[in-house]
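J.: When you line the sequence shown up against the working numbering, it's residues 444 to 645, in that order. Backbone N, C-alpha and C fix where the C-beta goes; we use that ideal spot for every residue, glycine too.
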Amino acid sequence: MPSPIVKATLASAALSGASNILAQILEAYRDERPFAFDGAMFLRFVTVTFLSAPPNYMWQQLLERTFPAYERKRLSAGPDSPRDLEKQVTDKPEAGAGPEPKPKLNLKNTFAKWFIDCITLGAIFNTVAFFVLMGMLKRQPVAVIAHNVRTETIPVIVAGYKIWPFASIVSFSFIPVERRIVFLNFIGLLWGIYMSLVASRV
Numbered sequence: 444m445p446s447p448i449v450k451a452t453l454a455s456a457a458l459s460g461a462s463n464i465l466a467q468i469l470e471a472y473r474d475e476r477p478f479a480f481d482g483a484m485f486l487r488f489v490t491v492t493f494l495s496a497p498p499n500y501m502w503q504q505l506l507e508r509t510f511p512a513y514e515r516k517r518l519s520a521g522p523d524s525p526r527d528l529e530k531q532v533t534d535k536p537e538a539g540a541g542p543e544p545k546p547k548l549n550l551k552n553t554f555a556k557w558f559i560d561c562i563t564l565g566a567i568f569n570t571v572a573f574f575v576l577m578g579m580l581k582r583q584p585v586a587v588i589a590h591n592v593r594t595e596t597i598p599v600i601v602a603g604y605k606i607w608p609f610a611s612i613v614s615f616s617f618i619p620v621e622r623r624i625v626f627l628n629f630i631g632l633l634w635g636i637y638m639s640l641v642a643s644r645v
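1. Check whether the Cβ atoms of residue 572 and residue 643 sit closer than 7 angstroms, and answer yes or no.
2. Going along the chain, which residues of its own chain have a beta-carbon closer than 6 angstroms to the beta-carbon of residue 625, five neighbours each way excluded?
3. Just the Cα atoms here: how many angstroms apart are residue 475 and residue 465?
4. Tell whether a beta-carbon distance below 7 angstroms holds between residue 463 and residue 485.
5. So, with DSSP's three-state summary, where would you put residue 637?
6. Looking only at C-alpha atoms, which of 447, 639, 612 and 472 sits nearest to residue 548?
7. Quick check on residue 597: buried or exposed, where buried means 16 or more other Cβ atoms within 10 Å of its Cβ?
8. Could you round the C-beta distance between residue 490 and residue 580 to whole angstroms and report it? I think they count as a contact, below 8 angstroms.
9. Are there 16 or more other CB atoms within 10 angstroms of the CB of residue 529, so buried, or fewer, so exposed?
10. Please determine if the stretch 558–575 and the stretch 585–596 are in contact, where contact requires at least 3 C-beta pairs separated by less than 8 angstroms.
11. Verify whether the separation of the beta carbon atoms of residue 621 and residue 447 is less than 7 angstroms.
12. Let me know if residue 563 comes out buried or exposed under the rule of 16 or more other beta-carbons within 10 Å of its beta-carbon.
13. In terms of residue numbering, what span does the alpha helix (DSSP H) encompassing residue 463 cover?
14. For residue 513, which beta-bridge partners are listed by DSSP?
15. As a quick exercise: from 636, 641 and 640, pick the residue whose alpha carbon is nearest that of residue 458.
16. Does DSSP classify residue 583 as helix, strand or coil?
17. Taking only three categories from DSSP, how would you classify residue 492?
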């Protein structure tokens, strides 16, 4: 059975492929020309996703471990020990004790993850990686790739601020970490269309 990271990568690649095809259709419509499928563009865009999805998956795991969305119930005053962690998983509520209270959302951790992933490190890393990988797949000279990074990174990040802050808050607050990258890619279907159009011009 495929591992969660493999399933997330395949799902992300499928969504990226769909967004690229939609982008090609929209581009043909905008230019008032018959639609002609560009297989090379499609393969480049999907390849970038195959290369970037696993690091993004591990990045989401790291963020969740560092800034848990929900507060864990501690069984002792000190830091969690392996025995405490095991009890949190295996212990069952006593008969008649009633349902366990719903975990409380940690707003501080949620904001920290949102800021790091969407506003600063995550946004910068993903945008720069996109232009570098796309440039390498197009066999562009280093000078051209560097120019694209300098001139296109900030506009793309600013455009992303129109969709990703809200999507990230929903993701960090309500989506399990193992499904987070798929959720973000689903939200990013329209974003993928935009990025496909960007990729066609750089």
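T.: If we stick to the structure as given:
1. At least 7 angstroms separates the beta-carbon of residue 572 from that of residue 643.
2. The answer, listed in chain order, is 451 and 454.
3. Cα to Cα, residue 475 sits roughly 15 angstroms from residue 465.
4. Taking 7 angstroms as the Cβ cut-off, residue 463 and residue 485 qualify as a contacting pair.
5. Three-state DSSP puts residue 637 in a helix.
6. The option with the nearest alpha carbon to residue 548 is 612.
7. With fewer than 16 Cβ atoms within 10 Å of its Cβ, residue 597 is classed as exposed.
8. Contact check for residue 490 and residue 580: beta-carbon distance about 6 angstroms, within the 8 angstroms limit, so the pair qualifies.
9. Low local confidence applies: a pLDDT of 44 at residue 529 is under 50, so the model's placement there is unreliable, with the coordinate-based value given in what follows. Under this definition residue 529 is an exposed residue.
10. Yes, they touch.
11. Yes. Within cutoff.
12. Exposed is the call here.
13. For residue 463, the enclosing alpha helix (DSSP H) has its first and last residue at 447–473.
14. In the DSSP output, where bridge partners are listed per residue, residue 513 has 548.
15. Taking only the C-alpha atoms, the option nearest residue 458 is 636.
16. When secondary structure is reduced to three states using DSSP, residue 583 falls in the coil class, being assigned neither helix nor strand.
17. DSSP places residue 492 in helix when its eight states are reduced to three.
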